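Following: one structure in structure tokens, then a few remarks.
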Amino acid sequence: MRQPLIAGNWKMNGSKAEALDLLNGIKAGAGEISKAEIAVCPPFPYLYVAEDVLRGTQIAYGAQDVSRELGGAFTGQVSAAMLKDFGCKYVIVGHSERRQFNGETDPIIGRKYAQAVANGLVPILCVGETLEERELGKTEEVVSAHVDGVLNLSGVEAFTHGVIAYEPVWAIGTGVTATPAQAQEVHAFLRSRIAAKSQDVAAQVRILYGGSMKPDNAMELIGQADIDGGLIGGASLKAADFLAICRAGDANA
Ligand code: PEP
Numbered sequence: 002m003r004q005p006l007i008a009g010n011w012k013m014n015g016s017k018a019e020a021l022d023l024l025n026g027i028k029a030g031a032g033e034i035s036k037a038e039i040a041v042c043p044p045f046p047y048l049y050v051a052e053d054v055l056r057g058t059q060i061a062y063g064a065q066d067v068s069r070e071l072g073g074a075f076t077g078q079v080s081a082a083m084l085k086d087f088g089c090k091y092v093i094v095g096h097s098e099r100r101q102f103n104g105e106t107d108p109i110i111g112r113k114y115a116q117a118v119a120n121g122l123v124p125i126l127c128v129g130e131t132l133e134e135r136e137l138g139k140t141e142e143v144v145s146a147h148v149d150g151v152l153n154l155s156g157v158e159a160f161t162h163g164v165i166a167y168e169p170v171w172a173i174g175t176g177v178t179a180t181p182a183q184a185q186e187v188h189a190f191l192r193s194r195i196a197a198k199s200q201d202v203a204a205q206v207r208i209l210y211g212g213s214m215k216p217d218n219a220m221e222l223i224g225q226a227d228i229d230g231g232l233i234g235g236a237s238l239k240a241a242d243f244l245a246i247c248r249a250g251d252a253n254a
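Everything in the sequence shown is counted per this note's numbering, starting at 2 for the first residue and increasing by one.
This is the structure in structure tokens:
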């Protein structure tokens, strides 16, 4: 069955010293996590710290973004091959903050996803609706468009190499969490959409929930049939909270 994945998205937080502390804190407690997979996504400059601290552990790490280009004259961008070079396993693509603040569209995100897969990384594709879109009854339309950005360019097989994260924008960093039933409904819809193209891919693709997941709601969310773990923002910045969510993932494996 699908191994739960608990991935931390640190966003643009911390310093070198704080990254070191947090990584060591997670490493110290990770021994008790045996079934769920753990991953952390620090800011680019601290990937080398992750590479150093996490060497020889079961904790994977990754980046929060990647260039859609292979390499060359793209000032300020970081290629998938460079992330691979630093030992990254994962990369988040299409986070709502990048859609909102960096103008990323579904075709751009589809290309980032394809670059990640081509370079042996596992992309975590973020999808999710705003509150306004939900209230207008457009949730399924919006998340379908987000998934189609990958399907149109790379086909359904691309999801054998990636992970989807359903992150309702209204739940990110707000302290408001989707109810387990609300989240499960969208997760089941996403899986059915993949299943329409391939039952096998749908059965194996992991779909994470993200949006104010915390130690006290993780168990119930991850316990839903189509929720295969979490993408964790705020709560991934405290080792104790992040590890508590990892234990909820372990209990649901
Ligand atoms: C995120 O940004 O991916 C996220 C889920 O954030 P938070 O957990 O803080 O809502």
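Backbone N, C-alpha and C define an ideal beta-carbon position, used for all residues, glycine too.
These numbers were taken from a predicted model, which means no experiment stands behind them.
With residue i as the anchor, note down where its beta strand (DSSP E) starts and where it stops.
i: Gly230; result: Gly230 to Ile233
i: Leu126; result: Val123 to Val128
Restricting to Cα atoms, I'd like to know which of the options is closest to residue i.
i: Ala182; options: Ile228, Glu33, Ala74 and Lys85; result: Ile228
i: Ile39; options: Gln78, Leu238, Gly230 and Gly138; result: Gly230
i: Asn25; options: Ala51, Ala245 and Thr180; result: Ala51
i: Ser97; options: Ser35, Leu23, Tyr167 and Leu154; result: Tyr167
i: Arg260; options: Arg207, Ile7, Ala179 and Asn218; result: Nothing about residue 260 can be read from this structure; the chain reaches only from 2 to 254.
i: Leu6; options: Val41, Phe45, Leu84 and Thr180; result: Val41
i: Gln78; options: Ala37, Phe45 and Leu21; result: Phe45
i: Ser213; options: Ala254, Thr180 and Asp201; result: Thr180
i: Tyr49; options: Asp86, Glu70, Ile246 and Gly32; result: Asp86
i: Ile246; options: Glu33, Glu130 and Thr131; result: Glu33
i: Glu186; options: Ser80, Lys28, Ala219 and Tyr210; result: Tyr210
i: Glu134; options: Lys12, Trp171 and Ile165; result: Trp171
i: Ala226; options: Gln101, Gly250 and Glu130; result: Gly250
i: Met220; options: Arg100, Asp242, Pro169 and Ala31; result: Asp242
i: Lys12; options: Ile27, Ser68 and Arg99; result: Arg99
With residue i and residue j assumed to form a contact (beta carbons below 8 Å), what rounded beta-carbon distance in angstroms separates them?
i: Ala82; j: Gly95; result: 20 Å between Cβ atoms; not a contact.
i: Gly163; j: Val118; result: 7 Å
i: Ile233; j: Asn14; result: The pair is not a contact, with the Cβ atoms about 13 Å apart (cut-off 8 Å).
i: Leu222; j: Ala184; result: 6 Å
i: Thr178; j: Asn218; result: 5 Å
Specify, as a first and last residue, the run of the alpha helix (DSSP H) that residue i falls within.
i: Gly250; result: Ala240 to Ala252
i: Arg135; result: Leu132 to Glu136
Discussion item. Whether or not the segment 98 to 114 and the segment 140 to 151 are in contact is what I'm after, with contact meaning three or more pairs of Cβ atoms, one per stretch, closer than 8 Å; do they touch?
Written reply: yes
Worksheet item: So does the segment 135 to 143 actually touch the segment 109 to 122, counting three or more Cβ pairs closer than 8 Å?
Response: no
Worksheet item: Can we say the segment 55 to 64 touches the segment 89 to 98, given the rule of at least three CB pairs closer than 8 Å?
Response: yes
Worksheet item: Can you list the alpha helix (DSSP H) stretches of 4 or more residues lying completely in the segment 140 to 182, in chain order?
Response: 140 to 155
Worksheet item: Taking only runs of the beta strand (DSSP E) that begin and end inside the segment 11 to 66, which ones reach a length of at least 3 residues, in chain order?
Response: 38 to 42 and 61 to 64
Practice prompt. Return the chain-ordered ranges of every alpha helix (DSSP H) run that is complete within the segment 179 to 221 and spans a minimum of 4 residues.
Written response: 181 to 196 and 200 to 205
Practice prompt. Ignoring anything shorter than 3 residues or poking outside the segment 70 to 116, list the beta strand (DSSP E) runs there in chain order.
Written response: 91 to 94
Practice prompt. Check whether the segment 238 to 251 touches the segment 190 to 200, taking contact to mean three or more Cβ pairs, one atom from each stretch, closer than 8 Å.
Written response: no
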